[in-house]
Amino acid sequence: MSDKSAATTRTGIWYEPDASLKRRYAADKRLRMYGVAAIVFALSMLAILVGTIVMTALPAVTQTHVTLQVELPAEAIDRSDPRSASYQKMLADTISRLYPEVDTPRELRELRQLFTNNAQYMLRDMVVADPSLIGQTVDFTFPMSDIGDQLHKGGIDRNLPPEQRRINNDQIGWYDRLVEQGRITTPLNTGMIFNADSRFPELAGLRGALVGSFYALLICFLVSFPVGISAAVYLEEFAPKNRWTDLIEVNINNLAAVPSIVFGLLGLAVFLNFFGMPRSAPIVGGLVLSLMTLPTIIIATRAALKAVPPSIREAAIGVGASKMQTVGHHVLPLAMPGILTGTIIGLAQALGETAPLLLIGMNAFITAAPDSMFNPSTALPTQIYIWADSPERGFTSRTSAAIVVLLGFLVCMNAIAIYMRKRFERKW
Amino acid sequence: MTKSVEGADVLADQAARAGTHDVKVAASKVSVFYGEKQALFDVTIDIPARQVMAFIGPSGCGKSTFLRCINRMNDTIDICRVTGSIEIDGANVYDAKIDPVLLRARVGMVFQKPNPFPKSIYDNIAYGPRIHGKAKAGSEMDTIVEASLRRAGLWNEVKDRLKEPGTGLSGGQQQRLCIARAIAVNPDIILMDEPCSALDPIATAKVEELIDELRERYTIVIVTHSMQQAARVSQRAAFFHLGHLVEEGATEHMFTNPSDRRTQDYITGRFG
C-alpha cells in the first residue's frame with residue numbers, strides 16, 4: 000500500500016508525521032473550514048432576514064389608543080334603537096370641549112385626523128352592546144389614526160420641517176396635550192389578529208386572511224389527501240408496470256415542478272370561467288392549491304410505501320391476506336407517518352403560495368372575514384401582498400407582522416412534520 | 000431433466016411412502032421463468048404428507064423459487080411465469096378455479112428473516128384467523144391464539160405479554176411467533192424458507208425441535224443451506240442445482256449414498 004512512500008520518505012522516528020500526512024491533515028482542515036464558512040454564511044443571511052422582518056414588525060405589536068370622556072346624553076339616544084343616534088356629534092362635542100380654541104373647519108378636520116375614522120362606529124357598537132351606558136359619561140378608548148400612531152411610536156420625526164412630514168405643528172401640539180393629560184396608552188395590538196382588513200392601518204387586521212387561509216387549506220387537505228393517497232397506492236401497489244404507468248409517473252413528477260402561477264391560470268380557466276365558481280372564494284383557492292399539493296403528496300406517499308419492507312407484505316400475503324388487505328391492514332398504516340409528514344410539508348407550501356391566489360382574485364379588498372368558504376376572502380400571503388402595496392406608513396410594520404404570523408404557522412407545521420418523523424421513525 | 004433414481008432407491012422410496020404417508024403435493028414438470036430467463040427446469044417431485052421434506056442446494060439453484068410456487072407466492076412478481084402443474088390433494092394450484100388467498104390459508108409460509116407484523120403478539124396470531132373468518136373476536140380467538148402459541152412452543156414465554164409488540168421478542172422467539180402465526184390459520188402444509196438462517200445456534204435448535212414436533216400434524220417443506228440441518232430435521236431431501244432437481248430421496252440415503260456425482264460433491268463440501 001504505502002510501502003513505496005514509506006521507503007522513500009521515512010527518515011526520522013516512525014511516529015513523526017511526515018510532510019504528506021501534514022498536507023493531508025491541512026486539506027481536511029481546509030475542507031472543514033469551507034463547510035463551516037458556508038453554514039455561517041447561510042445562518043447569518045437567515046438571521047439578517049428574520050431580524051429585519053421582526054424589527055420592522057415590532058411597532059405593530061402595540062397600537063396607540065386614546066381615552067376620552069364621552070357624554071352619552073339620554074335625550075340624544077333612542078333607547079329602543081340606539082343604533083340610529085348621531086355618535087359622530089357626541090364625539091365632536093367631546094373633542095370640542097377638550098380643544099375649545101379649535102374652531103375653524105380646517106383646524107377641526109386636522110384635529111379629527113389624529114383619531115381613527117371609525118371611532119363613531121366603535122362608540123355606537125359599545126352603546127349597542129351595553130345600553131345601560133346611556134345617560135352617563137363614559138371612558139371611551141379607541142385607536143389613534145395612522146399619523147397619531149406614527150408620531151407616538153417615533154415613526155414621524157417631529158424635528159423635520161413641517162412641509163416634510165405628514166403632520167403639522169398644530170397637530171403635534173394637540174397630540175402633546177393628550178400625552179400630558181395621560182390619555183394616550185399603547186395596549187397590545189389585538190386588532191391585528193381579530194380585525195378584518197381595512198383601509199386604515201390602525202384598524203386593519205388579519206382575521207379575514209386567517210379564516211380564508213384556513214378554509215383554503217381545509218379544502219386543499221380534503222381534496223389532495225384522499226386523492227393523492229389513492230393515486231399513490233394504486234400506482235405503487237396495483238398498477239401494472241408498463242409504459243402507461245411510466246408515463247403517468249413522469250407526468251406527476253413534472254407536475255410538481257410546474258410554476259405555481261400556471262396552476263392559478265388553470266384554476267381561473269377551469270374553476271371560475273368553466274364551472275362558474277365564485278371569484279375570490281377560499282373554495283377555489285383551496286382547489287387550486289390542492290392541484291399544486293397533489294404531486295407532493297403522491298410523491299411522498301409513494302416514497303413512504305416503498306420504504307415499507309417487502310417482508311411485511313410477504314408476511315401478510317403468506318397468511319392469506321388479499322392484496323387489498325395487505326395494503327389496507329399493513330402497508331398503509333406503516334407508511335402513514337411518512338405520508339402525513341409529506342402532507343404537512345405540502346400544506347405548508349400551499350399556505351405560503353401567493354401567485355395562484357392572485358389569479359383567482361383572492362387579493363381583493365374585503366373588510367369582513369368570510370362566513371363560509373364560498374364568500375370572497377383573502378389569504379395570508381395575499382394579505383401580505385395587499386398590505387405591502389399600501390401607501391400608509393402603518394402598513395409597513397403590519398406587513399412585516401403578517402409575515403411573522405405566516406412564518407410562525409410555517410415553522411409550526413414543519414416542526415410537527417419533523418416531530419412526527421422522529422416519533423414514528425421505525426428501524427427494521 | 001436429470002433426476003436419476005436407481006432401482007434400489009425406487010424400492011426404498013416405495014417402502015418409505017407405504018403405509019401412512021400419502022402424497023400431499025405432486026409437482027409435475029414445473030418450470031419457472033423470470034422474464035426471458037428460466038430459473039427452474041421441469042421439476043417433478045412428490046412430497047409426502049406429514050413428513051419433513053428438505054430442499055438443499057447452492058445459492059440460486061431454484062429451491063426457494065420452487066418452494067414459492069407451492070403457495071403461489073411468485074404471483075406477486077410481475078415478470079414471473081410458471082408452467083407445469085402442482086397438485087395439492089389432487090387439485091392443481093395453478094388452476095383458474097383456485098383462489099390464491101384460500102390456497103395460502105392451506106399452505107402456510109415461514110420466511111428467512113423473522114417478519115412479525117409490527118403489532119402485538121396477540122394480533123400477530125389473530126390476524127390470519129380474523130381475515131379468514133375462522134374465529135370471532137373474544138374467547139374463541141383467545142383459544143386459537145393460545146393453541147397456536149402452545150404448538151409453536153412459545154406460550155410459556157409470552158403468555159404474560161400478549162399485548163406487547165411482536166417485534167420486541169428475540170430473533171428466535173420472533174421466528175417461532177411467525178410459525179405460530181402460520182399455524183393459526185390451520186394449514187395442511189407449512190413452507191419454510193431457510194427459517195433458521197438469521198438465528199443463533201440455540202434458537203436454531205429450538206426451531207428444529209419445533210419442526211420435528213409439527214411433523215405429526217403438518218406436511219413441512221423446508222429450504223435450507225445447512226446440510227446438518229437437513230440431516231437433523233428431514234425425512235426426505237431433494238437436491239437442486241442450477242434450476243434442476245438433481246436427486247430426491249430419503250434423507251438418510253441421500254446423505255450416505257448419493258446417486259448423483261453433483262450431489263456427492265455438494266454434500267462433501269466441494270462446492271456450494
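Each protein sequence line maps, in turn, to chains G and W. In terms of numbering that gives the first Met the number 0, the first sequence is residues 0 to 427. In terms of numbering that gives the first Met the number 0, the second sequence is residues 0 to 271. Where is the CB? At the ideal position from N, CA and C, for every residue including glycine. Values in this document were obtained by computation on a predicted structure and should not be read as measured data.
For residue 178/W, no chain G residue has a C-beta closer than 8 angstroms to its own C-beta; the minimum C-beta separation is roughly 11 angstroms. Three or more beta-carbon pairs separated by less than 8 angstroms link the segment 337-347 of chain G to the segment 211-224 of chain G, which places the two stretches in contact. The CB of residue 151/W never comes closer than 9 angstroms to any CB in chain G; the least such distance is about 14 angstroms. Chain W places a beta carbon closer than 8 angstroms to that of residue 318/G, counting this residue as a contact. One thing to note: residue 338/G has its Cβ no nearer than 8 angstroms to the Cβ of residue 306/G. Distances from the alpha-carbon of residue 233/W to those of 26/W, 36/W, 40/W, 55/W put 55/W closest. For the segment 138-224 of chain W, the continuous beta strand (DSSP E) assignments of 3+ residues that do not extend past its boundaries occur at 188-192, 218-222, in sequence order. Under a criterion of Cβ atoms nearer than 7 angstroms, the residues of chain G adjacent to residue 114/W are, in order, 310, 311, 313, 314. Contact note: residue 240/G reaches chain W through 77, 78, using a C-beta cutoff of 9 angstroms and chain order. When secondary structure is reduced to three states using DSSP, residue 392/G falls in the coil class, being assigned neither helix nor strand. Within the segment 32-85 of chain W, complete beta strand (DSSP E) segments of at least 3 residues are found at 36-47, 51-55, given in chain order.
Relative to the Cα of residue 411/G, the nearest Cα in the group 133/G, 189/G, 347/G, 285/G belongs to 347/G.
At a cut-off of 8 angstroms, the C-beta of residue 103/W has a neighbouring C-beta in chain G. One finds nothing in chain W with a Cβ atom closer than 7 angstroms to the Cβ of residue 348/G; even the nearest lies about 30 angstroms away. Using a 10 angstroms sphere on the CB of residue 96/W, the tally of other CB atoms stays under 16, which defines it as exposed. When Cβ-Cβ separations below 8 angstroms define contact, residue 333/G makes contact with chain W. Under the Cβ criterion of 8 angstroms, residue 130/W is counted among the residues facing chain G. Secondary structure note for residue 247/W: its beta strand (DSSP E) is the uninterrupted segment 243-249. Chain G places a beta carbon closer than 8 angstroms to that of residue 117/W, counting this residue as a contact. Less than 8 angstroms divides the Cβ of residue 145/G from the Cβ of residue 392/G.
Per DSSP, residue 201/G is not a residue of any alpha helix (DSSP H), being assigned neither H nor E.
The beta carbon of residue 188/G lies closer than 7 angstroms to those of 59, 60, 61, 62 in the same chain, with the five residues before and after it left out. Where residue 366/G is concerned, there is no enclosing alpha helix (DSSP H), because DSSP gives it neither an H nor an E. 89/W is the residue among 74/W, 89/W, 73/W, 61/W whose C-alpha sits nearest the C-alpha of residue 48/W. Distance between residue 51/W and residue 221/W, taken at the CA atoms: about 7 angstroms.
For residue 181/W, the residues of chain G that pass the 8 angstroms Cβ criterion are 317, 318, in the order they occur in the chain. Contact of residue 329/G with chain W by beta-carbon distance below 8 angstroms involves 116.
Rounded to whole angstroms, the gap between the alpha carbons of residue 155/W and residue 67/W is 32 angstroms.
In this structure, the alpha-carbon of residue 185/G lies about 25 angstroms from that of residue 49/G. For residue 242/W, not one C-beta of chain G is nearer than 8 angstroms to its own C-beta.
For residue 215/G, the closest C-alpha among the options 78/G, 242/G, 290/G, 112/G is that of 290/G. When the alpha-carbon of residue 165/G is set against those of 148/G, 178/G, 180/G, 175/G, the nearest one is in 148/G. DSSP, reduced to helix, strand and coil, places residue 195/G outside both helices and strands of the structure shown, so it counts as coil. Here residue 318/G carries a coil assignment [DSSP, helix/strand/coil].
By alpha-carbon distance to residue 146/W, the top candidate from 243/W, 163/W, 132/W, 128/W is 128/W. It is roughly 28 angstroms from the alpha-carbon of residue 329/G to the alpha-carbon of residue 255/G.
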